[in-house]
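**Q** Below you'll find the structure I mean.
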Amino acid sequence: AQSVTQPDIHITVSEGASLELRCNYSYGATPYLFWYVQSPGQGLQLLLKYFSGDTLVQGIKGFEAEFKRSQSSFNLRKPSVHWSDAAEYFCAVGAKGGTASKLTFGTGTRLQVTL
Amino acid sequence: GAGVSQSPSNKVTEKGKDVELRCDPISGHTALYWYRQSLGQGLEFLIYFQGNSAPDKSGLPSDRFSAERTGGSVSTLTIQRTQQEDSAVYLCASSLGLAGLWDTQYFGPGTRLTVL
């Protein structure tokens, strides 16, 4: 069965600083990988996804993630964080079976941005 | 267009009562998913619908949990005889339901359930 580990429960960065959120996955086949963001009182919003091809994936809001098969990682990065990026971030791995697109999530990393 | 909507946004109930949570998916989406988000457990898959049938109920935690979907649209998640450990945010997502291809899930804002 697939699993996702986000080792950092909480991260604090200063506005304008760079950000990297870690994600490690376990999956027997080529994974579908995702990063979602959840702002307070909001649903989950998809930031970016990786299916195949170029291992560096660009997403919305200036985020990017790099798939590293050798390390089973899919870390999320942003060069310069904005105060509005404060939220909870979830990494997920997807399993496709028929029409089911089932997601397994990590436990999330809460990002705090200081001004 | 309209996104996934869920109601109620908040529900407080007493232990032992039954509750119903509702999800309205995006129009035209044939696949619908329920997840549960609780402290310390992260997001857990509960059940998946394709049309009105539920091929995968593997995540339902007990037989007190059930879900149905009618008309290929609205879904209700019912929890009978609620327990305090059922307190969580229940998230619904929908997707186009494409066979053989990954399709993006769009999430609703969730229903926060508190069992006293």
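Protein chains in written order, with our numbering: chain A, 1 to 115; chain B, 1001 to 1116.
Just so you know, even glycine gets a beta-carbon here, dropped at the ideal spot from N, CA and C.
From a predicted model like this one, the values you see are computed outputs, not experimental measurements.
Inspect the beta-carbon positions of Ala86(A) and Thr104(A) and report whether they are closer than 9 Å.
**A** Counting from one through the first sequence, the residue named residue 86(A) turns up at place 86. Counting from one through the first sequence, the residue named residue 104(A) turns up at place 104. No. Outside cutoff.
**Q** Any chance the stretch 26-33 of chain A sits against the stretch 75-82 of chain A, with 3 or more Cβ pairs inside 8 Å?
**A** No contact exists between the stretch 26-33 of chain A and the stretch 75-82 of chain A.
**Q** Can a CB atom of chain A be found closer than 9 Å to the CB of Tyr1090(B)?
**A** Position 90 of the second sequence, counting from 1, holds the residue named residue 1090(B). No, because no Cβ of chain A sits closer than 9 Å to the Cβ of Tyr1090(B).
**Q** Does Gly94(A) come out as helix, strand or coil in the three-state DSSP assignment?
**A** In the first sequence, counting from the first residue as 1, residue 94(A) sits at position 94. Correct three-state label for Gly94(A): strand.
**Q** Taking a cut of 7 Å between CB atoms, which residues from the stretch 1100-1115 of chain B lie near chain A?
**A** Cβ contacts with chain A: Trp1102, Asp1103, Thr1104, Gln1105, Phe1107, Gly1108, Pro1109 and Gly1110.
**Q** List the endpoints of the continuous beta strand (DSSP E) containing Cys23(A).
**A** Here residue 23(A) refers to the residue found at position 23 when the first sequence is read from its first residue. Per DSSP, Cys23(A) belongs to no beta strand (DSSP E) and is neither H nor E.
**Q** Pull up the distance between the alpha-carbon of Ser125(A) and that of Glu1085(B), whole angstroms please.
**A** Only positions 1 to 115 of chain A appear in the structure, and residue 125(A) is not among them; the question remains open.
**Q** Using the beta-carbon count (16 or more within 10 Å), is Leu56(A) buried or exposed?
**A** Along the first sequence, read from residue 1 onward, the residue named residue 56(A) stands at position 56. By the 10 Å Cβ count, Leu56(A) comes out exposed.
**Q** Using a cut-off of 9 Å between C-beta atoms, extract the partners of Ser101(A) located in chain B.
**A** What you label residue 101(A) is simply residue 101 of the first sequence in a count that begins at 1. Ala1031, Tyr1033, Tyr1048, Ser1095, Gly1097, Leu1098, Leu1101, Trp1102, Asp1103, Thr1104 and Gln1105, listed in chain order.
**Q** Does DSSP put Arg1022(B) in a helix, in a strand, or in coil?
**A** One-based indexing of the second sequence puts residue 1022(B) at position 22. Reduced to three states, the DSSP call for Arg1022(B) is strand.
**Q** Let me make sure I understand the geometry here. Which of Ser1095(B), Gln1080(B), Ser1005(B) and Ala1054(B) has the alpha-carbon closest to that of Gly43(A)?
**A** One-based indexing of the first sequence puts residue 43(A) at position 43. Cα-wise, what sits closest to Gly43(A) is Ser1005(B).
**Q** Looking at the structure shown, is Asp8(A) part of a helix, part of a strand, or coil, going by DSSP?
**A** As a first step, residue 8(A) is located in the first sequence; it is residue number 8 there, counting from the start. Reduced to three states, the DSSP call for Asp8(A) is coil.
**Q** Could you list which residues in chain B have their beta carbon closer than 7 Å to that of Thr107(A), in chain order?
**A** For this step, residue 107(A) is matched to residue 107 along the first sequence. Per Cβ cutoff of 7 Å: Gly1042.
**Q** Three-state secondary structure (DSSP) at Gly1059(B)?
**A** Numbered from its first residue, the second sequence carries residue 1059(B) at position 59. If DSSP states are grouped into helix, strand and coil, Gly1059(B) belongs with coil.
**Q** Mind listing which residues of the stretch 1009-1024 of chain B have their C-beta closer than 8 Å to chain A's C-betas, in chain order?
**A** Going along the stretch 1009-1024 of chain B in chain order, one finds no residue with a Cβ nearer than 8 Å to chain A.
**Q** Write down every uninterrupted run of the beta strand (DSSP E) in the stretch 1044-1095 of chain B whose length is 3 residues or greater and which is fully enclosed by it, in chain order.
**A** Those beta strand (DSSP E) runs which fall completely within the stretch 1044-1095 of chain B and span 3+ residues are 1053-1056, 1065-1069, 1075-1079 and 1088-1095.
**Q** Answer yes or no: do Ala1067(B) and Thr1078(B) have a C-beta to C-beta separation smaller than 9 Å?
**A** Looking up residue 1067(B) in the second sequence gives position 67. Looking up residue 1078(B) in the second sequence gives position 78. A contact, by the Cβ cut-off of 9 Å.
**Q** Could you tell me which chain A residues have their CB closer than 7 Å to the CB of Phe1065(B), listed as they occur along the chain?
**A** Numbered from 1 along the second sequence, position 65 holds the residue referred to as residue 1065(B). Near Phe1065(B) there are no residues of chain A at all, since even the closest Cβ is about 17 Å away, more than 7 Å.
**Q** Could you check if Arg69(A) is buried or exposed, using at least 16 other CB atoms within 10 Å of its CB as the buried criterion?
**A** Numbered from its first residue, the first sequence carries residue 69(A) at position 69. Classification of Arg69(A): exposed, given that the 10 Å Cβ count is below 16.
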